[in-house]
Amino acid sequence: MMISSKGWSVEWLLKRSETFKLARRVSCTVDDLDNVIEQYEESDVPLVIGGWHQTSQWPKKVFNMDFCRQYFREENKEICARNVRTRSDQSMTFEDFLGRSHTTSTFAEPEETQRWYGKDIECPRDWEEWLSGEGVIPTQLLPGGGNDLLALRPQRNGRPDVETLMCYFGIGDTYTPCHKDQCASSGQNLMCFTEDGSSSFWFMTKGSDCPKVANYFRKLKRELDHETHVMSLSDLEGAPFDIYIVEQKVGDLVLVPPRSCHQVVNSGKMTIKMSWSRMTLSGLAAAFYYELPLYRRVCRPETYQIRSTVYYVLTDYTRKLNTLISKPFNSLQKDILIKRLAEVLRLYDHILIEEYSPYGDSVDADKPRSKDEEEGSPLQTSVLVEDFHMCDFCGADIFQSYFQCSQSRGPEASTIICSGCYAEGRTCACEDMIPKQRQQSSILLSARWEALEALKNTGDSMETFEGSESQEEQKGFFTQNSKRSVFQAATLVHQMRLNDKKRPFRACRPTSESHQVPASWAISCKKCHSSKCFPHLLDLYRMHCIPALFLANQKDGHVAYHSGHAAKFPDYHVREKFFLRDQGENPSIAPDFDVQLVYNASKYPICQPVNTANTRIGWYDRLLPVSKAKTKEPKPQSLPTGSTGGSDSEVDESDGHGKSYS
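Numbering that gives the first Met the number 0 applies: residue 0 is where the sequence shown begins, and numbers increase by one.
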């Protein structure tokens, strides 16, 4: 199967559908470019800034094929290239890549087996130095600039510990499937060089339309966040949302709004692009509230370490506000910083609620306690444990709480599962795991308290922040149960698994018929005189395991749990509409957590675990099928109990006109 841009032009494309719109384009020399960029940031609509190649500072000596040949030869580095026909990656020399590309036809052919796309390649240093040092591209758009909160993260060996700057080499009819940029980041893509007037066609949505796009993908029997589906023009024409079209040529900088769904198809001969991402405060919030829960369900690895980035933003804003407070005058800068610190503090509170351990530091922590902590000295903000931990199931960056396989020594060599995955039944192959915490809780609470103190010193009201009267009250606030306490729910699952050894199985009887499940997969209801497994609680009662666990384990829990599941979430569909609206229009505001849990578990059952050999799927999971023939919905009784095994995704492609070739 294949996709082809043969015969495409912007004019021809725009005539094909009323939903196809021409993206706004401005010149880089426009007088009010800063205002244009500010409007773009607020508009949620793609923008193209063109003409950079016509400026006197355009680096023609390094933005060309000869330079790239020499650079990669001298560096003795291989690049990663993807065969878009098979979606397989291969390392090769740059010369080998060019040789294969230049012997491939300009347009895809039905019988071809290879078409190589050089992607996610480290940029030459000369390019990076020009981008950051010449002052050509506006600073607010630069990686590590004033509008990029990833710049507040620590560096390693003089480099950002989260790299976003990459380059891409592609001939005609190579492509990037429809996708969203990582973690609600803001994307920038500059066309540096083209052979013989080649170009790239972009199909882009507004960021706020991402829920509509995800729903449309499900109607196509595909999953947006698997990043495997290349939309044909027929797919695009049938979409119930606007699609902005760009033909990117040399010197064009394409600005991609956070959560904008976009697909790129190269056209003609070789094109060379440089791409990078920025993280804004609203992007951090949208990532934590909406993107990361989705990533966890479908197993899309998180690369931008959102939770720890929030921590570093919080501590940086606190320090800056304390500096401004010491000055004998008020300023607009101070007012803006107060507002931003309050916003990031609310976000940080939600992170702590999800991650906090009710057992304090009695849960094994990765970092030993300092002498000052042991002696009860005043809390001091400290540097986090920085070695990267990734969930072996979903690929999430583990900031604080997780579970480690008891059969392995140390987190580097062990299977580890994030709390969100563990709470939904995912586990290691042997199912024997230990709850762990990465940081000392005093470090995390200290950062919050210092932020509260900074806000108090400005006269700002603390009424909207619970646990703000004293450090003891603060600790009590996070220790208490909350419906958002994901780690606490995961520890309840852990306790159920320990009890499996005493009673390994239960009979789930949702209706007149029953079936047997592992005991940790079900909760007993005394009033119903039966147990119900978590898949059936979700499917028949619209009850997710996290609220079910909290209800069943509270005082008189059998009464609360029975009332909860018997009610069948009566206002779910009304609240679901508001949840979807806010996901599109207000992603910086915390969502309806109860609705989100049910919605995500119901709508996103298909996953592709990062480490298939050493993990087991949870009670809401189905593995990504190898072919569409295997995507048939199972009955609720079809409960997964084995290890995940291997699974490779298949890209669904067609030519640009909606036809398919096999």
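Just so you know, even glycine gets a beta-carbon here, dropped at the ideal spot from N, CA and C.
Residues of its chain near residue i, where Cβ-Cβ distance is below 7 angstroms and the 5 sequence neighbours each way are ignored
i, result
"Lys663", "The structure shown does not extend to residue 663, since the chain spans only 0 to 661, so no value can be given for it."
"Phe549", "Asn480, Lys482 and Ala488"
"Glu236", "Arg15 and Ser16"
"Thr490", "Pro434"
"Asp499", "Pro517, Ala518 and Ser519"
"Asp251", "Val47, Gly49 and Met190"
"Trp119", "Here residue 119 is Asp; the residue named in the question, Trp, does not match the sequence. Same-chain partners within the cutoff: Cys79 and Met165."
Rounded C-alpha distance that separates residue i from residue j
i, j, result
"Ser376", "Leu443", "Low confidence applies here, because Ser376 scores a pLDDT of 38, under 50, leaving its location unreliable and the question unanswered by this model."
"Ala107", "Arg217", "28 angstroms"
"Lys333", "His557", "52 angstroms"
"Thr463", "Leu451", "11 angstroms"
"Thr18", "Ile242", "6 angstroms"
"Leu336", "Leu320", "7 angstroms"
"Met495", "Arg483", "20 angstroms"
"Cys298", "Asp396", "12 angstroms"
"Arg743", "Glu584", "Given that the chain is displayed from residue 0 to residue 661, the structure contains no residue 743 and the question cannot be resolved."
"Glu73", "Ala285", "42 angstroms"
"Arg502", "Ala521", "12 angstroms"
"Asn599", "Leu293", "7 angstroms"
"Pro509", "Gln181", "40 angstroms"
"Val161", "Leu291", "17 angstroms"
"Ala547", "Trp115", "49 angstroms"
"Ala589", "Tyr288", "6 angstroms"
"Leu623", "Ile605", "5 angstroms"
"Ser467", "Asp386", "31 angstroms"
"Asp666", "Arg23", "Past the edges of the chain, shown from 0 to 661, lies residue 666, and the structure says nothing about it."
"Gly132", "Leu164", "15 angstroms"
"Tyr311", "Gln399", "14 angstroms"
"Glu472", "Val83", "56 angstroms"
"Tyr355", "Thr478", "7 angstroms"
"Gly206", "Ser513", "45 angstroms"
"His572", "Thr457", "43 angstroms"
"Gly117", "Arg574", "44 angstroms"
"Lys554", "Lys531", "20 angstroms"
"Ser659", "Met1", "In this predicted model, Ser659 has a pLDDT of only 34, less than 50, meaning its place in the structure is not dependable; the value taken from the coordinates is given anyway. Ser659 and Met1: Cα-Cα distance of roughly 7 angstroms."
"Ser184", "Gln247", "21 angstroms"
"Tyr215", "Asp172", "24 angstroms"
"Gly144", "Arg277", "8 angstroms"
Any non-hydrogen atom of the ligand FAD within 7 angstroms of residue i CB
i, result
"Leu254", "This structure does not include the ligand FAD; it has no bound ligands of any sort."
Per DSSP, cross-strand counterpart(s) of residue i
i, result
"Trp11", "DSSP output for Trp11 lists no bridge partner at all."
"Met273", "Cys166 and Leu189"
"Leu622", "Cys606"
"Leu491", "Answer is none; Leu491 lacks a bridge partner."
"Pro159", "Gln154"
"Phe202", "Ile244 and Gln262"
"Trp115", "Asn82"
"Gly49", "Ser26"
"Val516", "Arg505"
"Thr614", "Cys427"
"Leu21", "Ile244"
"Asp88", "Arg81"
Beta-carbon proximity list for residue i, same chain, < 6 angstroms, skipping 5 on both sides
i, result
"Asp315", "Leu151"
"Val485", "Glu353, Ser418, Gly419 and Ala422"
"Val264", "Ser4, Tyr174 and Phe200"
"Arg591", "Position check: residue 591 holds Asp in this sequence, whereas Arg was assumed. If we look at Asp591 and ignore the five residues flanking it on each side, its Cβ neighbours are Arg574 and Phe578."
Contacting residues, own chain, Cβ-Cβ under 8 angstroms from residue i (five flanking each side not counted)
i, result
"Trp126", "Pro58, Val61, Phe62, Cys166, Cys191 and Met273"
"Cys260", "Cys177, His178, Lys179, Met203, Thr204, Asp208, Cys209, Val212 and Leu223"
"Phe568", "Tyr540, Arg541, Met542, Asp593 and Val597"
"Thr614", "Asp391, Phe392, Thr414, Ile416, Arg425, Thr426, Cys427, Ala428, Pro608, Ser642 and Thr643"
"Val135", "Trp51, Thr54, Gln56, Trp57 and Trp129"
Residue i, buried or exposed, once every other Cβ within 10 Å from all chains shown has been counted against 16
i, result
"Gln436", "buried"
"Phe504", "exposed"
"Glu110", "exposed"
"Phe666", "With the chain running from 0 to 661 in the structure shown, residue 666 is simply not present."
"Leu140", "buried"
"Val29", "exposed"
"Lys338", "exposed"
"Trp11", "exposed"
"Ala506", "exposed"
"Ser637", "Because Ser637 carries a pLDDT of 38, less than 50, the predicted location of this residue cannot be relied on, and no value is offered for it."
"Tyr358", "exposed"
"Gln69", "exposed"
_Which runs of the beta strand (DSSP E) at least 3 residues long sit entirely within the stretch 383–428? Give them in chain order._
400–404 and 415–417
*At what residue ranges does the stretch 319–356 contain a whole run of the alpha helix (DSSP H), taking only runs of 4 or more?*
331–354
_Which complete alpha helix (DSSP H) runs does the stretch 210–289 hold, if anything under 4 residues is left out?_
232–236 and 280–285
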